[in-house]
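Visitor: My structure is below; once you've seen it, I'll send some questions.
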Amino acid sequence: MSGYFPIYLEWLGVAVFALTGALTAARKGMDPLGFALLATVTGVGGGTLREVLLGRPATWIADPTAPAICIIVGFATFAIGRSYTPTRKGAFRMLMWADGLGLAIFAVSGAQTALLASAHPVTAIVLGALTATFGGIVRDVLAGEIPLVLRREIYVTAAALGAGVYVGLEQLGHEAALAALAGVAAGFTLRAMAIARDWSMPAYPPGA
Amino acid sequence: MSGYFPIYLEWLGVAVFALTGALTAARKGMDPLGFALLATVTGVGGGTLREVLLGRPATWIADPTAPAICIIVGFATFAIGRSYTPTRKGAFRMLMWADGLGLAIFAVSGAQTALLASAHPVTAIVLGALTATFGGIVRDVLAGEIPLVLRREIYVTAAALGAGVYVGLEQLGHEAALAALAGVAAGFTLRAMAIARDWSMPAYPPGA
Amino acid sequence: MSGYFPIYLEWLGVAVFALTGALTAARKGMDPLGFALLATVTGVGGGTLREVLLGRPATWIADPTAPAICIIVGFATFAIGRSYTPTRKGAFRMLMWADGLGLAIFAVSGAQTALLASAHPVTAIVLGALTATFGGIVRDVLAGEIPLVLRREIYVTAAALGAGVYVGLEQLGHEAALAALAGVAAGFTLRAMAIARDWSMPAYPPGA
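Protein chains in written order, with the numbering used here: chain Z, 71 to 278; chain L, 71 to 278; chain U, 71 to 278.
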């Protein structure tokens with residue numbers, strides 16, 4: 071995806087988002103192929119949108135590593151889950167944490183890919199936020215749920231912060247790998263605080 | 071986007087669709103970033119789909135004006151709305167009119183972009199209708215509502231009429247700017263009549 | 071779309087998927103343009119996603135045959151349906167069978183297009199399954215229904231089987247047309263059995 075961003079972090083992002091897809095499939099009582107499909111759509115959705123918006127083929131056309139990871143995660147979650155049987159609430163909590171990590175990773179990798187394609191810094195932040203949120207949006211829409219991104223908790227904010235920290239440090243001349251790790255850390259920390267402490271932004275007065 | 075279509079009309083279309091996204095966020099009681107996200111997805115969604123279907127990168131990769139407009143509209147709607155506090159019904163009515171104007175503008179600009187890319191006239195009309203309806207569809211799906219486009223009022227019909235008038239006049243040799251304004255006027259007038267007078271097409275017998 | 075796959079089969083796939091879109095519009099009591107829109111999105115959605123993921127313009131930009139077929143199917147279904155008046159249940163059953171045939175055809179044509187674009191065999195199977203399921207997913211999401219693909223019946227499995235049989239036979243050196251027909255037959259047979267005999271895969275324990 072790039073010469074700078076640690077590729078194992080990208081695979082980790084794919085794997086954790088795939089896991090969130092599989093956990094959603096578990097909550098819906100789906101069959102093994104349903105697990106694989108939701109895992110794949112969630113895991114590769116964001117990166118695919120990023121490439122398409124940049125006018126390029128999806129990266130997994132040439133290299134099937136990412137969908138292969140997702141399919142394995144999907145089947146493994148089905149197999150392990152049947153014996154391990156987490157509660158629905160436990161599955162949801164795992165989903166939230168994994169989703170937060172994937173969010174932070176993809177926000178930065180999306181922003182970096184955009185910068186490498188000579189996009190404007192503002193565009194890079196927007197693209198980072200889209201890359202980070204799109205897989206989860208598709209996952210939730212397919213499962214017939216209100217997308218996490220629309221709940222009042224800090225979500226897009228965390229993605230935008232992660233992408234913004236990365237783009238800012240990079241533009242100030244810092245090393246790309248350092249800027250990337252700082253961006254991932256910033257995005258995940260904010261999202262983690264939001265999950266753990268139930269933080270939210272001031273919302274528009276409901277019922278107005 | 072083109073040498074012919076007045077670019078300020080394109081920005082106006084982006085802004086009014088962004089406003090419909092922000093008004094939807096208001097009705098859902100979302101936070102500021104939620105306003106910005108729904109505004110951006112709605113405002114740039116249609117034009118982005120158009121470029122992607124033509125096999126090109128999204129125009130905002132190189133020029134962030136459109137997402138910048140949307141983000142500003144999103145934040146401004148949140149800020150102003152909190153003091154102004156329109157009723158939910160008032161917000162919905164504003165949404166309908168702004169949506170109708172955006173619909174007419176994007177139908178024509180989508181059709182024109184397709185013609186400039188040497189598409190077949192029939193394709194240009196289809197692409198115009200898709201450009202005009204896609205942003206609103208994504209807005210409504212994300213907000214968990216039935217897309218406006220599926221309600222019985224005249225909606226796709228207005229987009230297709232606007233695109234059709236433009237393509238027809240253009241093919242008959244009329245000046246592009248004139249054809250464009252005629253198309254926007256035709257599409258918006260039909261949609262406005264449908265909103266104001268509650269017009270609808272004959273529908274398939276329900277319950278059949 | 072290719073030198074091998076019988077193009078009339080591709081048009082048949084487009085037409086039957088368009089029919090499923092129109093039948094869904096009938097069940098929702100939509101107007102004629104709504105029929106045309108749902109028919110078009112369903113009929114060309116999968117093939118369009120396939121081209122976009124391969125980094126190419128949608129094939130119907132240059133050749134409007136596919137959307138033209140869909141629009142005709144949409145209007146014809148509206149016109150015929152009003153006099154013929156199938157029951158809702160009858161419409162749903164027709165939808166299931168037509169959907170199964172389109173699924174098998176698009177799984178193979180998607181996989182073949184990917185192979186022709188030099189994709190990895192695993193990628194070809196994934197792309198075949200996505201091509202086959204995407205149009206129906208968009209149809210169901212737009213209509214506000216839970217996508218067929220997420221119901222417990224064998225669905226993605228049938229698409230993956232069809233694509234897999236085709237890719238396997240092709241890689242083993244069999245003639246492309248034969249491999250394609252074998253893939254379509256395998257995918258449709260499995261899906262048909264699932265519909266007729268109510269087969270399903272073992273699912274994740276609900277309520278776990």
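Idealized CB from N, CA, C, for every residue including glycine.
Since the structure is predicted, the reported quantities are computational estimates derived from the model, not experimental observations.
1) Assuming U:Gly104 and U:Gly205 make a contact with CB atoms under 8 Å, what is their CB distance in whole Å?
2) Report the neighbours of U:Ile216 on chain Z: residues whose CB is nearer than 8 Å to its CB, in chain order.
3) Would you mind telling me which residues of chain L sit closer than 8 Å to U:Arg126, beta carbon to beta carbon, in chain order?
4) Within a Cβ cutoff of 6 Å, which residues of the same chain sit near Z:Thr118, ignoring the five residues on either side of it in sequence?
5) At a Cβ threshold of 7 Å, is U:Met71 touching chain Z?
6) Compare the C-alpha of U:Pro83 against each of U:Glu215, U:Val254, U:Ile195 and U:Leu197 and name the closest.
7) For L:Gly243, count neighbouring C-beta atoms within 10 Å of its own C-beta (all shown protein chains included) and say buried if the count is 16 or more, exposed if not.
8) For the candidate residues L:Pro76, L:Leu107 and L:Gly198, whose alpha-carbon lies nearest to that of L:Leu124?
9) Should L:Gly238 be counted as a contact of the ligand NAP given a C-beta to heavy atom distance under 6 Å?
10) Taking the alpha-carbon positions, what's the Z:Val237 to Z:Phe87 distance?
11) Is the region 179 to 186 of chain Z touching the region 175 to 185 of chain U, taking contact as three or more C-beta pairs under 8 Å?
12) For a contact defined as C-beta to C-beta under 8 Å, what are the partners of U:Ala138 on chain L?
13) Considering only C-alpha positions, which residue in the set U:Leu231, U:Gly170, U:Val192 and U:Ile139 is nearest to L:Arg192?
14) Threshold first: 4 residues or longer. Then list the alpha helix (DSSP H) segments lying entirely within the region 154 to 208 of chain Z, N to C.
15) Where L:Ala109 and Z:Leu173 are concerned, what is the direct C-alpha to C-alpha distance, given to the nearest angstrom?
16) Residues in its own chain within less than 7 Å of U:Gly130 by CB, not counting five upstream and five downstream?
17) When the cut-off is 7 Å and only beta carbons count, does L:Val196 lie next to chain U?
18) Can you give the Cα-Cα distance for L:Ala228 and U:Ala262, rounded to whole angstroms?
19) Quick one: does L:Leu165 have its CB under 7 Å from some CB of chain Z?
20) What are the residues of the region 80 to 100 of chain Z that lie near chain U, defined by any Cβ-Cβ distance shorter than 9 Å?
21) Starting from U:Val237, find everything on chain Z with Cβ-Cβ shorter than 8 Å and list it in chain order.
22) What number of angstroms, rounded off, separates the C-alpha of Z:Ala149 from the C-alpha of Z:Ala250?
23) Please classify L:Arg120 as buried or exposed, where buried requires at least 16 neighbouring CB atoms within 10 angstroms.
24) Taking Z:Ala233 as the query, report the chain L residues whose CB atoms sit under 8 Å from its CB, ordered along the chain.
25) Once DSSP output is grouped into helix, strand and coil, what is the label at L:Ala264?
26) Quick check on L:Ile131 - is its C-beta less than 7 Å from some C-beta in chain Z?
27) Does the CB of Z:Ala264 have a neighbour CB from chain L at under 7 Å?
28) By Cβ distance below 6 Å, which residues in the same chain neighbour L:Ala256 in space, the five residues on each side in sequence not counted?
29) By the criterion of Cβ-Cβ separation under 7 Å, what are the contact partners of Z:Thr227 in chain L?
30) Distance, Cα to Cα, Z:Ala92 vs L:Trp269?
31) List the residues of chain Z whose Cβ lies closer than 8 Å to the Cβ of L:Leu107, in chain order.
32) By the criterion of Cβ-Cβ separation under 8 Å, what are the contact partners of Z:Pro272 in chain L?
33) Measure the alpha-carbon distance for L:Ala246 versus Z:Gly99 and round it to whole angstroms.
34) Which word fits Z:Pro272, buried or exposed, when buried means at least 16 other C-beta atoms lie within 10 angstroms of its C-beta?
35) Just to confirm, are Z:Phe176 and Z:Ala202 a CB contact at a threshold of 7 Å?
36) If you follow the alpha helix (DSSP H) that L:Leu231 is in, where does it begin and where does it stop?
Guide: Let me lay it out:
1) For the purposes of this step, residue 104 of chain U is taken as residue 34 along the third sequence, with counting starting at 1. For the purposes of this step, residue 205 of chain U is taken as residue 135 along the third sequence, with counting starting at 1. Between U:Gly104 and U:Gly205 a beta carbon distance of about 16 Å is seen, past the 8 Å cut, so the two are scored as non-contacting.
2) The count along the third sequence starts at 1 and reaches residue 216 of chain U at position 146. Within chain Z, the C-beta atoms nearer than 8 Å to that of U:Ile216 come from Gly214, in chain order.
3) Working through the third sequence from its first residue, we reach residue 126 of chain U at position 56. Under the 8 Å cutoff, chain L gives Gly125.
4) In the first sequence, counting from the first residue as 1, residue 118 of chain Z sits at position 48. Cβ within range, chain order: Ala128.
5) Taking the third sequence and counting its residues from 1, one reaches residue 71 of chain U at position 1. Residue confidence for U:Met71 is low, a pLDDT of 38 falling below 50, so the modelled location carries little weight and cannot support an answer.
6) Start at 1 with the first residue of the third sequence, and residue 83 of chain U comes out as number 13. The residue you asked about is not Pro; residue 83 of chain U is Gly in the sequence shown. For the residues U:Glu215, U:Val254, U:Ile195 and U:Leu197, the minimum Cα distance to U:Gly83 belongs to U:Val254.
7) By one-based count along the second sequence, residue 243 of chain L stands at place 173. Counting other Cβ atoms within 10 Å of its Cβ, L:Gly243 stays below 16 and is therefore classed as exposed.
8) What you label residue 124 of chain L is simply residue 54 of the second sequence in a count that begins at 1. For L:Leu124, the closest of L:Pro76, L:Leu107 and L:Gly198 by C-alpha to C-alpha distance is L:Gly198.
9) For the structure depicted, the ligand NAP is absent and the ligand set is empty, with no information on it obtainable.
10) Residue numbering aside, residue 237 of chain Z sits at position 167 when the first sequence is read from its first letter. Residue numbering aside, residue 87 of chain Z sits at position 17 when the first sequence is read from its first letter. Straight-line Cα distance between these residues: approximately 23 Å.
11) Contact between the region 179 to 186 of chain Z and the region 175 to 185 of chain U is not established, with fewer than three Cβ pairs separated by less than 8 Å.
12) Within the third sequence, the letter at position 68 stands for residue 138 of chain U. Within 8 Å Cβ-Cβ: Val192.
13) Residue 192 of chain L sits at position 122 when you count from the first residue of the second sequence. In the sequence as displayed, the identity of residue 192 of chain L is Val instead of Arg. Cα-wise, what sits closest to L:Val192 is U:Ile139.
14) Listed in chain order, the alpha helix (DSSP H) runs fully inside the region 154 to 208 of chain Z are 158 to 186, counting runs of at least 4 residues.
15) Taking the first residue of the second sequence as position 1, residue 109 of chain L is located at position 39. Taking the first residue of the first sequence as position 1, residue 173 of chain Z is located at position 103. The straight-line gap from Cα to Cα measures roughly 21 Å.
16) Sequence index remark: in the third sequence, residue 130 of chain U carries index 60 (1-based). Here the sequence assigns Trp to residue 130 of chain U, which means Gly is not the residue at that position. Val114, Ala136 and Pro137, listed in sequence order.
17) Within the second sequence, residue 196 of chain L is the residue found at index 126, counting from 1. Closer than 7 Å: yes.
18) What you label residue 228 of chain L is simply residue 158 of the second sequence in a count that begins at 1. What you label residue 262 of chain U is simply residue 192 of the third sequence in a count that begins at 1. Taking the straight line from one Cα to the other gives about 40 Å.
19) In the second sequence, residue 165 of chain L corresponds to position 95, counting from 1. For L:Leu165, the answer is no, since every Cβ of chain Z falls outside 7 Å of its Cβ.
20) Here the close residues are Ala95, Ala96, Arg97, Lys98, Gly99 and Met100.
21) By one-based count along the third sequence, residue 237 of chain U stands at place 167. Annotation: U:Val237 has no Cβ neighbours in chain Z at a cutoff of 8 Å; minimum Cβ distance is about 12 Å.
22) One-based indexing of the first sequence puts residue 149 of chain Z at position 79. One-based indexing of the first sequence puts residue 250 of chain Z at position 180. Rounded to whole angstroms, the separation of the alpha carbons of Z:Ala250 and Z:Ala149 is 35 Å.
23) Counted from its first residue, the second sequence places residue 120 of chain L at position 50. By the Cβ neighbour-count rule, L:Arg120 is buried, with 16 or more other Cβ atoms within 10 Å of its own.
24) Stepping through the first sequence from its first residue, residue 233 of chain Z is reached at position 163. Ordered by position in chain L, no residue passes the 8 Å Cβ test against Z:Ala233, which lies about 12 Å from the chain.
25) Position 194 of the second sequence holds residue 264 of chain L. Three-state DSSP puts L:Ala264 in a helix.
26) Against the second sequence, residue 131 of chain L aligns to sequence position 61. Taking a beta-carbon distance threshold of 7 Å, L:Ile131 counts as an interface residue toward chain Z.
27) Looking up residue 264 of chain Z in the first sequence gives position 194. Cβ-Cβ to chain L under 7 Å: no for Z:Ala264.
28) Position 186 of the second sequence, counted from the start, is the residue given in the question as residue 256 of chain L. So the qualifying residues of the chain are Leu231, Gly232 and Val235.
29) For this step, residue 227 of chain Z is matched to residue 157 along the first sequence. Residues of chain L passing the Cβ test: Leu103.
30) Against the first sequence, residue 92 of chain Z aligns to sequence position 22. Against the second sequence, residue 269 of chain L aligns to sequence position 199. Computed Cα separation, rounded: 45 Å.
31) To locate residue 107 of chain L, count along the second sequence from 1; it is residue 37. In chain order: Ala199, Thr203, Val219 and Val226.
32) Position 202 of the first sequence, counted from the start, is the residue given in the question as residue 272 of chain Z. Those within 8 Å of Z:Pro272 in chain L are Asp101 and Pro102.
33) Stepping through the second sequence from its first residue, residue 246 of chain L is reached at position 176. Stepping through the first sequence from its first residue, residue 99 of chain Z is reached at position 29. In this structure, the CA atom of L:Ala246 is about 55 Å from the CA atom of Z:Gly99.
34) The sequence position of residue 272 of chain Z within the first sequence is 202, counting from 1. Residue environment: Z:Pro272 is assigned as exposed (fewer than 16 neighbouring CB atoms within 10 Å of its CB, all protein chains considered).
35) Taking the first sequence and counting its residues from 1, the one referred to as residue 176 of chain Z is at position 106. Taking the first sequence and counting its residues from 1, the one referred to as residue 202 of chain Z is at position 132. Contact check for Z:Phe176 against Z:Ala202 passes: the beta carbons are separated by less than 7 Å.
36) Here residue 231 of chain L is taken as the residue at index 161 of the second sequence, counted from 1. Unbroken alpha helix (DSSP H) run through L:Leu231: Val226 to Gln241.
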